[in-house]
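Working notes, structure below.
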Amino acid sequence: MKEFLNRFSLSLIIITYIGVVTALFDHLNPALIIFGLLCASYRVLNFYGRLRLMSTLLLSLTAILSSIVIILLVYQQGIFNVMLHLIMLGFSLKFLELKSIRDVHFFVNTGVVLIALFFIFNFSILMAIVGVFLILLLLAILLSIHGSSLIRSRFIKLLLKSSLISLPLALVLFVVIPRFPTLWKMPLQKHATTGLSDRVSPGEIAQLSRSSELAFRASFSQQPVIESERYWRVMILDAFDGQTWSQSSAKKDQERAAKQGQGKPLILSSPKSNYDVIVEPHYNYWIPALDYAEQSLHTVSLSDYALRTVDPVVKRALFSVNLYHQVNPQPLTKIETKQLTNTPLKGNLKTQNWIDVNLKEGLNKQQILKQLLNKFATDNFRYTLNPPPLGIDQVDDFIFATQAGFCVHYASAYLYVARRLGVPARMVTGYLGGEWQAEDNFMSIRQYDAHAWVEIWQEDRWLRVDPTAYVAPERVELGLQQSLSDSNEFLADEYLSLQRWRNVELLNQLRTKLAQVDYLWATWVINYDNHKQLRLLQSWFGELQWLNLLYAGLMMLCLAFIILVLLIFKPWARDNLSVADKCYLQLQRYYSKKGVFRRKGQTITEFCKQVSLQSNLPAAQFENFVCKYNSLKYDMTLPASERKKQLKQLHFICRQLQKG
Amino acid sequence: MKIYCKLTAPLKRLIDRRFQRWLTARMPAQNSFILNHRNIFIFPSKFGRHFLLLCFILFLLGTNYQNNLILFVLFFLCSFMVTCLFLSYQNIAHITLTATPVTPQFAGSDCVFCLRMAKKSNLGQEMSIYFQKKSSGLQSLISEEQVLVYGLSKKRGWFNPGRVTIASTFPFGLFTVWTFLDFDLRALLYPQPQKNKQPLVSLSTRQSTQGITNTALGVDQFSMLKNYQAGESLKSVAWKQLAQGRGWFSKQFEQDQGGDVLLDLALYGNLDLEKKLSLLSYQIIELDKRHLSYTLKLGATTFVAEHGLQHKTRCLKALALYGLRE
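Chains L and X are the protein sequences, given in the same order.
Just so we're aligned, residue 1 is where the first sequence starts under the numbering used here, counting upward by one.
Just so we're aligned, residue 1001 is where the second sequence starts under the numbering used here, counting upward by one.
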């Protein structure tokens, strides 16, 4: 069979293949990657004449067998992964039957679909650039097939030109075309949740505190809330087994009901302000909520004031939240009170002893709890992310032995004492703080801002108590880095993170700039929706009363279209005339004013003869002009230096001739 | 499948005929064409249509996953397609193609049609040019300034190869730009020469026996030696004299006073007309090679005895067009 590909096209195809595989590397089964690379090398060997292409029968057999193997390998990971793997398999198998231009077309189309799938998991600017690059490669394959006679420089120029020219129209389409609601539910990739989960043992938050990954961003319509009020509520944990805090099954049921729309909205009063949160995907349902957040279209509020989405957050998503000053608390039922004061009966004798001693001294419950906080503040307690390990009696060990730990330790100890005293109490996990970027009016909250605090039921309402604040008040006021006594503990594993080096001024500036760009990307690209679209178009065209937004959109489209057409056809571009031609034209124009016109088909020799008859200038000068012109135009052997000289002379003669 | 083809065949023919009629009305025959929006068709190629399907898939993915990046890719590809539409038009527009006169050829051999092409150097990439009704197995040759297209017909007479198709999928294969141009190409095809076993001499003899000419001498009777002139056929070189070292001479032959060969269609008896013409065609070529003068009689018309290129052309043309309506 005749080879229809040239070496350049085949190299482009293989480079693109490797690019796509690398981009999707994390999501692909290694077996498939190896298989794909084998297919690619098979085609390369075929190209060099070492191997024949497979027969149709063998090919179909390979296709069926490999699909079965792949399905068996990945079916546990859900329908989405099966889909991804099958498309990737088709993409790889195409190498085995790459024998006509049609197959290359199929390859390119599959490649685009794979890049689209790549964008389902990746949406940072960097990844967008990677995707764009891959698409350019796919287009380059097409050009190398359909424009195989182009020389390399023209090839690259044409590729970039056609892509760049398409951009304005694409951008306008992006801005103007309304977004449709989801048509049907698509399968999603099963994904490990990140960030806070519904159970917490002390190690977990410490783990989060080592990560500078962005958790979410928030922007406020008015002034941002003050530092000491930035308690972002995520999970409320009400069950304790002596080691871990988790959600009771009653709480989980309540949450499930709320998501199905059976929950009761909170009774809120005196509105405060509102804020937008852009949550990074955590494949979970929570939305960080300040006190007290109202539920909206896509969110539901729980009776414990937390906020949940209806669908898991699988991409950067923006939520608008209204805040209120006051909430009307629901009185606790008996069952709730029981759950909220429940502790394991055994263990932690020293703590029990300490409570008993205090009770005997005649202190009431509130005083004892205060006493505990004082103990945290005055005793030798340390705030550290690397606390010594605790034994079975966690609370005892912490209060009376190690006296070193972070938020969960303090909250856990406080809760335990409160519950032992019969005060209903629960643990709240979430984030505390956030870095306010005043000029861009948004706040970034990172994983190391993860925090745990306590709420106790007092005077028929929930009261927030943050035991950590008594040990390390800087944690509340200034953030994690300031609260650590040993600054090396901050992001100990992330040497390269810009967060770690925020003391260095230059790097810090770079970091804030990047964060700013990323924020704009998240709000205006990733989360651009109909709402934003309306706002944007109104801000542009709102002042023009006579202009309907629909027409404005259409006008923008037309404009972009016209720009595209103009950029392609360049009606302003003139033919590039050589200097000799320009001189000749000048001469023609000059003499046409004097009444000597050049007839169609008349050569320069004839024309000049005709002119010289009517002119009083010497005929020799005209002949000289003709001679120079002809040698410049038609003498290919003329050396460059001579050409330059002749051009100069021609120019000179031309000027002379225009004096007659 | 076969039945399906049978059923649709008349419909296809009908559509095709209508289309041809429409084409003739829209783009009548012309000697020279400048390709522009009046005579170019652009339509998404098969790949282009698949590409649109791909765009639809991207739309579904982008909408269902509410993913703006996928949607942007979609918008980019749509806009890229528009760009391609214009680029593919630009590639082929403003090319001037002019038909040049065609030299006559013998029926049954490939006949070359030359179109002069004027274009800017960067444009007109990756064009394929061929006759709409392909008749020759030879590939067209496209160079910067001319296009050679080959046609083939076994019938003598005026050969019209039909419309010339110019097509291109440049630059990205998303659109096919094409046109069918009628340059009114006409090639004169002489009857295919058929080798004639009878030697010419005997032909002459036979003629004499029938009393048409009165000579019994052979047609290649040697008459004299002349100084050889460059360009004369090597067959006429007097090799003997050259070998003897007397220099270059060429042999001159001459017929008798009435030695003109008569080629008469009527003499071939009741053979098939085409066959007779083919035999005559061969005779004329052979006689011309030998610089003999001959008379051609085709029914009522007679071409009096003469020799030389012009006579040959005239005779062959008469053969080619004999019995055909102009």
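We treat Cβ as the ideally placed atom computed from N, Cα and C, and that holds for glycine.
Whole-number beta carbon distance between residue j and residue i, since they are thought to touch under 8 Å
i       : j       : result
A140/L  : L5/L    : Wrong, their Cβ atoms sit about 14 Å apart, outside the cutoff.
N1068/X : I526/L  : 6 Å
C1114/X : L1148/X : 6 Å
A239/L  : Q247/L  : 7 Å
S9/L    : L1087/X : About 19 Å; that fails the 8 Å criterion.
V113/L  : L1054/X : 7 Å
T1063/X : F180/L  : 5 Å
I1129/X : I1166/X : 5 Å
F1170/X : H105/L  : Not confirmed; about 15 Å, so no contact.
L958/X  : A1320/X : No statement about residue 958/X is possible, as the shown extent of chain X runs from 1001 to 1326 and does not include it.
R1186/X : V1102/X : 7 Å
I399/L  : T351/L  : 6 Å
P265/L  : Q295/L  : 6 Å
A218/L  : R446/L  : Actually they are not in contact, since the Cβ atoms of A218/L and R446/L sit about 12 Å apart, beyond 8 Å.
L704/L  : E255/L  : Residue 704/L lies beyond the range of chain L shown here (1 to 660); nothing can be said about it.
G430/L  : H451/L  : 6 Å
Where the alpha helix (DSSP H) through residue i begins and ends
i       : result
V417/L  : 407–420
Q1132/X : Neither: Q1132/X is in no alpha helix (DSSP H) and is coded neither H nor E.
Y17/L   : 7–23
E505/L  : 505–520
Residue i - containing beta strand (DSSP E), residue span
i       : result
A971/X  : Shown here, chain X extends from 1001 to 1326; a query on residue 971/X therefore has no answer.
R426/L  : 425–432
P265/L  : Unbroken run through P265/L: none, as it is neither H nor E.
P1171/X : Where P1171/X is concerned, there is no enclosing beta strand (DSSP E), given that its DSSP letter is neither H nor E.
L617/L  : Note, L617/L: premise wrong, no beta strand (DSSP E); not H, not E.
H451/L  : 450–458
L1148/X : 1146–1151
Sequence-distant residues of its chain with Cβ nearer than 8 Å to residue i (five each side left out)
i       : result
T110/L  : I87, G90, F91, K94
I1040/X : Y1089, I1092, A1093, V1177, W1178, T1179
Q538/L  : L549
P1199/X : Low confidence applies to P1199/X: its pLDDT is 49, below 50, so where it sits in the model is not reliable, and the reading given next is rough at best. Cβ neighbours of P1199/X beyond the five flanking positions: none.
Q339/L  : D238, A239, S248, A250
K648/L  : none
Beta-carbon proximity list for residue i, same chain, < 7 Å, skipping 5 on both sides
i       : result
A621/L  : Position check: residue 621/L holds Gln in this sequence, whereas Ala was assumed. I653, Q656, L657.
V82/L   : I71, V74, Y75
S641/L  : none
G391/L  : D397
V225/L  : L290
W583/L  : At residue 583/L the sequence reads Cys, which differs from the Trp that was named. Excluding residues within five positions, the ones whose Cβ falls inside 7 Å are L650, H651, C654.
F663/L  : Lying outside 1 to 660, the shown extent of chain L, residue 663/L is not represented and no answer is given.
P1193/X : F1106, S1278, S1281, Y1282, I1285
Beta-carbon contacts of residue i that lie in its chain and below 6 Å, excluding the five residues immediately before and after
i       : result
I1034/X : T1096
H1311/X : none
G479/L  : G433
S612/L  : A619, F622
Y1268/X : K1276
F1249/X : L1225, Y1228, A1238, Q1241
A63/L   : L93
S1143/X : none
Where the stretch 1059–1076 of chain X meets chain L: residues whose CB sits under 9 Å from a CB there: The residues in question are F1059, L1060, L1061, G1062, T1063, N1064, Y1065, Q1066, N1067, N1068, L1069, I1070, L1071, F1072, V1073, L1074, F1075, F1076.
The stretch 409–424 of chain L in contact with the stretch 329–345 of chain L per 3-pair CB rule at 8 Å: Taking a cut-off of 8 Å on C-beta distances, the stretch 409–424 of chain L touches the stretch 329–345 of chain L, as three or more cross pairs fall below it.
Relative to chain L, which residues along the stretch 1077–1088 of chain X have a C-beta separation below 8 Å, given in chain order? Contacts with chain L (Cβ-Cβ distance below 8 Å) from the stretch 1077–1088 of chain X involve L1077, C1078, S1079, F1080, V1082, T1083, C1084, F1086, L1087, listed in chain order.
Within the chosen definition, does the stretch 1068–1077 of chain X reach the stretch 1085–1102 of chain X through at least 3 CB pairs nearer than 8 Å? In short, these stretches do not touch, since the Cβ pair count stays below three.
Decide if the stretch 432–440 of chain L is in contact with the stretch 357–367 of chain L; the criterion is three or more beta carbon pairs, one per stretch, under 8 Å apart. Result no; under three Cβ-Cβ pairs closer than 8 Å.
Going along the stretch 1103–1135 of chain X in order, which residues come within less than 7 Å of chain L, judged by CB to CB distance? Contact residues of the stretch 1103–1135 of chain X toward chain L are Q1125, E1126 (C-beta to C-beta distance below 7 Å).
Per the contact definition of three or more C-beta pairs closer than 8 Å, is the stretch 149–162 of chain L in contact with the stretch 120–133 of chain L? No contact exists between the stretch 120–133 of chain L and the stretch 149–162 of chain L.
Three or more beta-carbon pairs under 8 Å between the stretch 320–327 of chain L and the stretch 362–378 of chain L, yes or no? As far as the Cβ criterion goes, the stretch 320–327 of chain L does not touch the stretch 362–378 of chain L, which means the pair count is below three.
Counting pairs of Cβ atoms below 8 Å between the stretch 325–341 of chain L and the stretch 525–542 of chain L, do you hit three or more? Short answer: they don't touch.
Against chain L: residues of the stretch 1169–1186 of chain X by CB proximity under 9 Å: Listed in sequence order: T1169, F1170, P1171, F1172, G1173, L1174.
Beta carbons nearer than 8 Å to chain X: which residues of the stretch 302–326 of chain L have them? So the list reads K315, given in the order they occur along the chain.
Would you check if there are 3 or more beta carbon pairs closer than 8 Å linking the stretch 596–606 of chain L to the stretch 566–574 of chain L? Contact annotation: the stretch 596–606 of chain L does not touch the stretch 566–574 of chain L, with fewer than three C-beta pairs closer than 8 Å.
In the stretch 74–103 of chain L, which residues sit with their C-beta less than 7 Å from some C-beta in chain X, listed in chain order? From the stretch 74–103 of chain L, no residue has a Cβ closer than 7 Å to chain X.
Would the stretch 1003–1011 of chain X count as touching the stretch 1045–1060 of chain X if we require 3 or more Cβ pairs under 8 Å? Touching, no, given that fewer than three Cβ pairs across the two stretches are closer than 8 Å.
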